[in-house]
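These notes concern the structure reproduced below.
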Amino acid sequence: MTLRAVVRGVGHYLPSRVVENAEFEATLDTSDEWIRARSGIERRHFATEDDTTSSMATAAARSALEDAGLGPDDIDAIVLATSTADLTFPSAATMVQDKLGMTRGFAFDVQAVCAGFVYALANANALIVSGQAKRVIVIGAETFSKIMDWTDRSTCVLFGDGAGALVLEAQDGAGTKADRGILATDLNSDGRHRDLLYVDGGVSTGTSGYLRMQGNQVFRHAVEKLAATAQTAMERAGVTADEVDWIVPHQANIRIIQGTAKKMGIGMDKVVVTVQDHGNTSAASIPLAISVGRKNGQIKDGDLLVTEAIGGGLAWGSVVLRW
Ligand code: UT7
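Going by our numbering, the first residue of the sequence shown is number 6, and it counts up by one from there.
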């Protein structure tokens with residue numbers, strides 16, 4: 006018998022405010038055509054006055070709990086991936102714990118920027134397979150609209166807000182690739198590239214700062230590193246490209262998504278794509294895409310999923326799981 010972290014429920018939350026590309030044309034030297042052609046993004050959701058990272062994360066967690074048929078008292082831990090927690094501390098995860106009315110267990114944030122959700126999944130998996138938690142809510146939630154420089158056309162048209170969540174549960178598997186749950190993980194970072202994508206504020210400046218990115222440099226790293234990490238995770242899981250039902254990539258740029266799938270030898274008909282509707286929601290993008298893909302009938306019971314993401318750090322990684 007092998008203990009596996011199996012998905013029991015999924016849910017997401019998107020703020021009600023939808024901004025189409027064309028809206029940026031009023032204030033920036035940009036166009037709907039440029040944004041679509043270079044990134045694949047058509048629209049994104051931005052937080053309203055009522056939305057914070059912890060409130061969106063809570064809504065996504067509630068939705069995932071409902072899907073799982075569980076309540077907050079059934080949960081042992083909350084692992085929340087975010088780079089835009091409401092406050093420097095306490096963690097957004099403890100705010101979610103309080104909002105859910107969960108008075109036991111433990112909660113913490115994971116900060117690996119756009120790779121945050123794969124890092125959070127890997128952490129939750131480790132908690133479950135080591136017997137430290139039986140059920141874990143894994144959330145990705147971001148309010149990147151709060152760290153946008155609205156005069157910088159090279160970044161502010163790319164990002165969006167939202168949250169997605171999975172409920173993972175310890176279940177016995179046979180220890181084979183046919184098992185449900187997380188089959189393998191791969192995490193990487195290389196701090197030498199930290200200046201390619203960062204926020205120019207924090208406790209050292211006394212400001213929350215704005216996102217700065219050398220997009221074309223990140224792009225160059227992305228396809229190569231994403232295909233490599235996915236390959237490593239697939240080898241660890243003992244699966245090959247032809248067995249993969251869905252790639253659920255980080256949704257930053259359709260050209261990165263296409264390039265990575267091609268390098269992996271997997272057709273775009275097997276890729277869950279939400280970048281056109283959500284933009285880049287950083288750590289929220291993969292759970293949002295999983296939730297949308299599950300609800301629209303793409304992801305079915307027993308399907309083999311490969312997630313992959315890269316972002317600031319640089320940090321990148323991949324998780325292979327069977328639904
Ligand atoms: O999620 C975390 C990881 N992040 C990513 O994965 C993002 C990776 N990078 C990208 O997705 C792409 O590099 C971008 C979408 C950010 C940019 O696409 P690109 O094809 O790499 O364009 P570029 O940065 O090389 O810029 C090309 C031109 C430049 O003008 P010049 O120097 O050629 O005259 C930019 O100034 O496009 C210009 N430009 C814009 N033009 C209109 C940059 N932003 C805009 C804009 N509208 N919004």
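For every residue, glycine included, the Cβ atom is placed at its ideal position computed from N, Cα and C.
### Query
Would the beta-carbon of Ala31 fall within 7 angstroms of that of Ser150?
Sequence index remark: in the sequence shown, residue 31 carries index 26 (1-based). Sequence index remark: in the sequence shown, residue 150 carries index 145 (1-based). Taking a C-beta distance under 7 angstroms as the contact criterion, Ala31 and Ser150 do not qualify as a contact pair.
### Query
With a Cβ-Cβ cutoff of 7 angstroms, do Ser290 and Thr234 count as a contact?
Within the sequence shown, the letter at position 285 stands for residue 290. Within the sequence shown, the letter at position 229 stands for residue 234. No, they are not a contact pair.
### Distance, Gly106 Cα to Met269 Cα
What you label residue 269 is simply residue 264 of the sequence shown in a count that begins at 1. What you label residue 106 is simply residue 101 of the sequence shown in a count that begins at 1. When rounded, the distance between both Cα atoms is 43 angstroms.
### Query
Quick one: what does DSSP say Asn258 is sitting in, helix, strand or coil?
Your numbering for residue 258 matches position 253 in the sequence shown. DSSP places Asn258 in the coil class of the three-state scheme, outside both helix and strand.
### Query
Rounded to a whole number of angstroms, what is the C-alpha to C-alpha distance between Tyr18 and Gly196?
Stepping through the sequence shown from its first residue, residue 18 is reached at position 13. Stepping through the sequence shown from its first residue, residue 196 is reached at position 191. Straight-line Cα distance between these residues: approximately 32 angstroms.
### Message
With a threshold of 6 angstroms (Cβ to nearest heavy atom), would Thr190 be considered close to ligand 1?
### Response
Here residue 190 refers to the residue found at position 185 when the sequence shown is read from its first residue. No; taking the cut-off as 6 angstroms, the Cβ of Thr190 has no heavy atom of ligand 1 nearer than that.
### Assigned exposure category for Lys230 - 16 Cβ within 10 Å defines buried
Within the sequence shown, numbered from 1, the residue matching residue 230 stands at position 225. Taking all protein chains shown into account, Lys230 has 16 or more neighbouring C-beta atoms within 10 Å of its C-beta and is therefore buried.
### Message
In the DSSP output, what is Tyr203 paired with across the bridge?
### Response
On the sequence shown, position 198 is the one that residue 203 refers to. Tyr203 is bridged to Arg217.
### Message
Cutting at 7 angstroms between CB atoms, please list the residues of its own chain near Arg41, excluding the five before and the five after it.
### Response
Taking the sequence shown and counting its residues from 1, one reaches residue 41 at position 36. So the qualifying residues of the chain are Asn26 and Glu47.
### Task
Could you tell me whether the stretch 77-95 touches the stretch 183-200, using the rule of 3 or more Cβ pairs below 8 angstroms?
No, the stretch 77-95 is not in contact with the stretch 183-200.
### Task
State the beta-bridge partners of Asp191 as determined by DSSP.
Taking the sequence shown and counting its residues from 1, the one referred to as residue 191 is at position 186. Partner(s): Ser323.
#### Entry: For Asp250, the three-state DSSP class (helix, strand or coil)
Translated into the one-based positions of the sequence shown, residue 250 becomes position 245. Reduced to three states, the DSSP call for Asp250 is coil.
### Query
If you measure from the CB of Asp26, is any heavy atom of ligand 1 nearer than 6 angstroms?
Translated into the one-based positions of the sequence shown, residue 26 becomes position 21. Per the sequence shown, the amino acid found at residue 26 is Asn instead of Asp. Every heavy atom of ligand 1 is 6 angstroms or more from the Cβ of Asn26, so no.
### Message
Measuring only from the beta carbon, is Thr63 closer than 6 angstroms to any heavy atom that is part of ligand 1?
### Response
Translated into the one-based positions of the sequence shown, residue 63 becomes position 58. Taken from the Cβ of Thr63, every heavy atom of ligand 1 lies 6 angstroms or farther away.
### Query
Going by the C-beta, is Phe111 closer than 6 angstroms to any heavy atom of ligand 1?
Sequence index remark: in the sequence shown, residue 111 carries index 106 (1-based). No, ligand 1 has no heavy atom inside 6 angstroms of this Cβ.
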